[in-house]
């Protein structure tokens with residue numbers, strides 16, 4: 001989706017000021033960005049129960065689309081979105097929620113479809129994966145245990161150490177990397 005107001009990448013040196021500006025007037029800047037992208041698929045009655053929270057969903061323009069299962073309506077939806085890398089490389093990451101009851105198969109279908117070999121879990125919640133039955137593929141999961149229950153880590157040291165470790169193991173991989181949490185709350 002191309003719009004004139006499409007957010008541009010923010011240089012790290014300007015990020016703090018950008019966030020301060022966007023948070024003015026009760027997060028008015030973030031609210032404007034949030035409203036510019038439709039999320040009709042996530043709001044469909046058959047997909048609502050696939051979202052852990054009603055306001056943390058996949059936008060239509062960037063969502064991962066699964067193949068329909070036996071033509072079943074809404075079986076193409078998973079709460080996951082493609083994200084560009086820091087250098088604007090498309091589909092470098094897939095941001096998603098951890099699976100909720102009823103979506104475990106969708107989560108694994110997505111991993112399989114996207115040829116994912118790296119999963120980064122940003123929560124203390126223990127998720128149990130299962131092996132594919134028709135074909136085997138090694139999927140490496142990195143589990144970050146010190147992410148606070150709400151918000152973001154106070155210091156970046158542990159996050160940067162995790163990033164280095166993940167990049168060392170995913171460096172030459174052309175498949176997108178999945179990063180998920182139970183939920184994501186960036187701004188209060």
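In the UniProt record's numbering, the protein residues as written are 1 to 188. Ideal Cβ placement from N, Cα and C applies to all residues, glycine included. Bear in mind the structure is a predicted one, so any value in this text is a computation, not a measurement.
Let me check one thing: in DSSP terms, what residues is residue i bridge-paired to?
i           : result
residue 118 : 140
residue 94  : 82 and 178
For residue i, which residues from the same chain have a beta carbon less than 7 Å from its beta carbon, with the 5 sequence-adjacent residues on both sides left out?
i           : result
residue 84  : 90 and 92
residue 159 : 153
residue 69  : 75
residue 109 : 66
residue 165 : 142
Identify the continuous alpha helix (DSSP H) that holds residue i and give its terminal residues.
i           : result
residue 166 : 157-170
residue 111 : 104-113
Between which residues of its own chain and residue i is the CB-CB distance below 6 Å, once the five residues before and five after are set aside?
i           : result
residue 107 : 99
residue 65  : 76
residue 63  : 81
residue 177 : 93, 118 and 170
residue 18  : 10
residue 143 : 121
residue 30  : 22
Is residue i close to the ligand ADP? I mean its beta-carbon at under 7 Å from any heavy atom of the ligand.
i          : result
residue 61 : Here there are no bound small molecules, and the ligand ADP is not part of this structure.
Kindly list the residues whose CB is nearer than 8 Å to the CB of residue i, restricted to its own chain and excluding five residues on each side of it in sequence; keep chain order.
i           : result
residue 155 : none
residue 167 : none
With residue i as the anchor, note down where its beta strand (DSSP E) starts and where it stops.
i          : result
residue 64 : 63-65
On the CB-based measure, 16 or more other CB atoms within 10 Å of its CB, does residue i come out buried or exposed?
i           : result
residue 72  : exposed
residue 162 : buried
residue 50  : buried
residue 15  : exposed
residue 37  : exposed
residue 10  : exposed
residue 111 : buried
residue 79  : buried
residue 179 : buried
residue 122 : buried
residue 103 : buried
residue 97  : buried
residue 172 : exposed
residue 174 : exposed
residue 47  : buried
residue 12  : exposed
Inset, instruction - Run through the stretch 13-65 for me and flag every whole alpha helix (DSSP H) of 4 or more residues, listed as ranges in chain order. - result: 40-43 and 45-48
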